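Inspection log for the structure reproduced underneath, given as C-alpha cells.
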C-alpha cells in the first residue's frame, strides 16, 4: 500500500511540472475579438483590424490578460498596408501603467511613442527626417525600438532594416524571442536579430506583459495608407523547469538499484 501511495505522489509531482507550461492563442481572422481590447480608432472590418482610415488617427489592440514573455515566445501575423504615402504600425510588448488601455502618439509616433516600458517592432512606410528617431532610416523600414521604464519618448532604434515595399504585399511576419535574442523574420527570411533581454530591460509583472499592436495614419498628404491586421498567433515558451522536488521516481521496488537497505528492510 505504501508503495502505491509513493508512486501516486511522485506521479502527481510530475503532473504538476507539466501543468505549468504556458498556453498561447490564435486569431486566424478577427471575425471575433474575444480576449482583445481595442483603443482609440482601432476597429474591425471584414474580419480584419484597422488602426484608422482618416487623417491623424491612431489605435491600439492588446491581448488580455497580460501574457508570459520573460521565458520567451514566438508570434506570427499577417498584415496588409493599402495605399501610398505615410502610415505604419508596430508589434509591441509593454508593461506600461495604462495596461490594456495603453495608446501613444499618432502620426510618426505609430501609437506607441509616449509610452514607456516597452519593446516595439515597427513597420513604417516613410522615415520622417523631422524627428530624431527616424534620422538615417530607409524608406520603408522595419525597426526595433526600446522605451525603457520612465523613458516614454522614442530614441534611435536598436536595429533597423530597409524593405523593398510594405504596401501592396501581404507578408507573413514571425518574431521569435528567447532570453537574450529577438529575431524578426519577414517573408520567411531573417530580417533582424538583436541582443535583447526583456527581463532586464523592462519592468515586467512576474514575467508577464501585454502584447499587441499599435498603428496610425498620417495627417500629411498623401495619407492613403491603411494598415489591416489579418491574423495573429502567439505562443509563449515554457519556463525552464526546476528539478523534480523528489529527485527521482520509482514506480515500484522490483529492483533495489540505487537504494541502500539496512537492518531488517528487504
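In our numbering, the protein residues as written are 50 to 315. Cβ coordinates follow ideal geometry from the N, Cα and C atoms, glycine included. Fair warning: this is a prediction, and the values are worked out from it, not measured in the lab.
In or out: residue i buried (at least 16 other Cβ within 10 Å) or exposed?
i	result
residue 267	buried
residue 157	buried
residue 138	buried
residue 252	exposed
residue 310	exposed
residue 246	exposed
residue 75	exposed
residue 196	buried
residue 118	buried
residue 144	buried
residue 227	exposed
Residue i and residue j look like a contact to me (Cβ under 8 Å); what is the Cβ gap, rounded to whole Å?
i	j	result
residue 284	residue 84	Not really, about 15 Å apart at Cβ, beyond 8 Å.
residue 98	residue 170	Not really, about 17 Å apart at Cβ, beyond 8 Å.
residue 116	residue 258	7 Å
residue 279	residue 128	6 Å
residue 286	residue 122	6 Å
residue 32	residue 265	Absent from the structure is residue 32, since the part of the chain shown begins at 50 and ends at 315.
residue 207	residue 190	The pair is not a contact, with the Cβ atoms about 13 Å apart (cut-off 8 Å).
residue 261	residue 120	Residue 261 to residue 120, Cβ: 19 Å. No contact.
May I have the straight-line CA-CA distance separating residue i from residue j, to the nearest angstrom?
i	j	result
residue 163	residue 202	5 Å
residue 132	residue 77	24 Å
residue 219	residue 104	23 Å
residue 229	residue 244	5 Å
residue 79	residue 205	33 Å
residue 147	residue 308	56 Å
residue 306	residue 312	17 Å
residue 107	residue 93	14 Å
residue 112	residue 304	51 Å
residue 302	residue 314	12 Å
residue 114	residue 240	30 Å
residue 237	residue 126	12 Å
residue 110	residue 263	6 Å
residue 166	residue 233	20 Å
Which residues share a DSSP beta bridge with residue i?
i	result
residue 283	74, 124
residue 307	Answer by DSSP bridge pairing: none, since residue 307 is not bridged.
residue 275	131
residue 200	BP columns for residue 200 are empty, so no partner.
residue 106	Its beta-bridge partners do not exist; DSSP assigns none.
residue 117	257
residue 244	230
residue 88	109
residue 266	136
Between the stretch 136–152 and the stretch 76–91, do at least 3 Cβ pairs fall closer than 8 Å? yes
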